[in-house]
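Okay, so here's the structure we're looking at.
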Amino acid sequence: MMIKLKSPKEIKIMREGGKILARILKQVGKKTKAGTRASDLNNFAEKEIKNCGAEPAFKNYEGFPASLCVSINSEVVHGVPGEKIIKDGDVVGLDLGIKYKGLYTDAALTVIVGRVKPEIREFVKTCELALKQGIAAVRNGKRMGDVSAAIQNFVEARGYSVVFQLVGHGVGFAVHEAPAVPNFGKKGQGILLRPGLTFCIEPMINLGEARVETQSNGHTFVTADRSLSAHFEHTVAVTEKGCLVLTK
44 MMIKLKSPKE
54 IKIMREGGKI
64 LARILKQVGK
74 KTKAGTRASD
84 LNNFAEKEIK
94 NCGAEPAFKN
104 YEGFPASLCV
114 SINSEVVHGV
124 PGEKIIKDGD
134 VVGLDLGIKY
144 KGLYTDAALT
154 VIVGRVKPEI
164 REFVKTCELA
174 LKQGIAAVRN
184 GKRMGDVSAA
194 IQNFVEARGY
204 SVVFQLVGHG
214 VGFAVHEAPA
224 VPNFGKKGQG
234 ILLRPGLTFC
244 IEPMINLGEA
254 RVETQSNGHT
264 FVTADRSLSA
274 HFEHTVAVTE
284 KGCLVLTK
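If you read the sequence shown in the working numbering, its first letter stands for residue 44, the second for the next number, and so on.
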């Protein structure tokens, strides 16, 4: 698959869309409380997306039935909202994508519901910080492996597993496009980062082993050992001077 660079005008539109996405995702995060039905979060997100003149990116994409992915506890990504009720102590991944003025952006965060043990809070925080490590490694002239290694080294040094079977991705003209953005790799390897390249950095980390498997619905990935998983994501653009986060 060929990598398609974006023009400054296209990146400007993606940033506009990314700001809309960030605001909606933040609102969904605040509504993620014990007793909330996951389908209600999905319906809220979908309504807000349409109210902003955008379109949901995930709905009907490869048959996915919702606009918002709601992944709870051992669900890694692509959780189908359905009739799941969120409970106190749940770790909830929220992943949302939109199409705005013809261009796509994608972002995710993980919410801790109610009271949990400090080690669980530390685990989720590690995933959030791993995303920041990845973003900090994005520079014109660097390699994708620099980004991947920054994430992997940070996570594994703290005793957690990065998911090897799932990776980040290019985004813009499609919700998923080249290049692949692994959360594992070696510095100095992989594609050259250059201005106009837009992609999603999305650490997916597990409290237990790295292996994941697909649920019977054909969409949702779960940890093989049913340990907790966390997920954070931003859409970024490589610039002449470094990195622009488009979804904040």
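Just so it is clear, CB atoms sit at the ideal spot from N, CA and C, and this is done for glycine as well.
Given the structure is predicted, the values throughout are model-derived calculations rather than measurements.
- The residues 252, 254, 255, 256, in chain order, have a CB closer than 7 Å to that of residue 267 in the same chain once the five nearest residues on each side in sequence are set aside.
- If you check the CB distance, residue 119 and residue 207 do not come in under 7 Å.
- For residue 114, the enclosing beta strand (DSSP E) covers residues 111-115.
- Apart from the 5 residues on each side of it in sequence, residue 44 sits with its Cβ closer than 6 Å to the Cβ of 221 in its chain, given in chain order.
- Under the three-state reduction of DSSP output, residue 73 falls in the helix class.
- As for any alpha helix (DSSP H) of minimum length 4 sitting wholly inside the region 102-172, there is none.
- For residue 247, there is no enclosing alpha helix (DSSP H); the enclosing beta strand (DSSP E) covers residues 247-249.
- Each of 102, 112, 281 was checked against the Cα of residue 68, and the nearest Cα belongs to 112.
- Nearest to residue 288 by C-alpha distance, out of 168, 179, 209, is 179.
- Out of 246, 186, 140, the CA that lies nearest to the CA of residue 232 is found in 186.
- Our two residues, residue 213 and residue 150, have alpha carbons roughly 12 Å apart in a direct line.
- In this structure, the alpha-carbon of residue 243 lies about 12 Å from that of residue 61.
- Distance from the CA of residue 229 to the CA of residue 144, rounded to the nearest whole angstrom, comes to 36 Å.
- In the structure shown, residue 256 adopts extended strand secondary structure according to DSSP, grouped into three states.
- Between residue 88 and residue 110, the C-beta gap is smaller than 7 Å, which places the two residues in contact.
- Taking C-beta separations shorter than 7 Å and ignoring five residues to either side along the sequence, the partners of residue 133 in its chain run 115, 116, 156, following chain order.
- Around the C-beta of residue 260, fewer than 16 other C-beta atoms lie within 10 Å, and the residue is accordingly described as exposed.
- Distance from the Cα of residue 104 is smallest, within the candidate group 95, 123, 86, for 123.
- Using a 10 angstroms sphere on the CB of residue 78, the tally of other CB atoms stays under 16, which defines it as exposed.
- Take residue 176, set aside five residues on each side of it, and the residues of its chain with a beta-carbon closer than 7 Å to its own are 193, 194, 197, in chain order.
- In the three-state scheme derived from DSSP, where H, G and I count as helix and E and B as strand, residue 174 is classed as helix.
- In this chain, the beta strand (DSSP E) harbouring residue 244 covers 241-244.
- In this structure, the alpha-carbon of residue 215 lies about 30 Å from that of residue 166.
- Each residue's CA atom was taken as its position, placing residue 135 and residue 258 some 17 Å apart.
- The alpha-carbon of residue 131 is positioned some 26 Å away from that of residue 90.
- A straight-line Cα-Cα distance of about 33 Å links residue 57 and residue 128.
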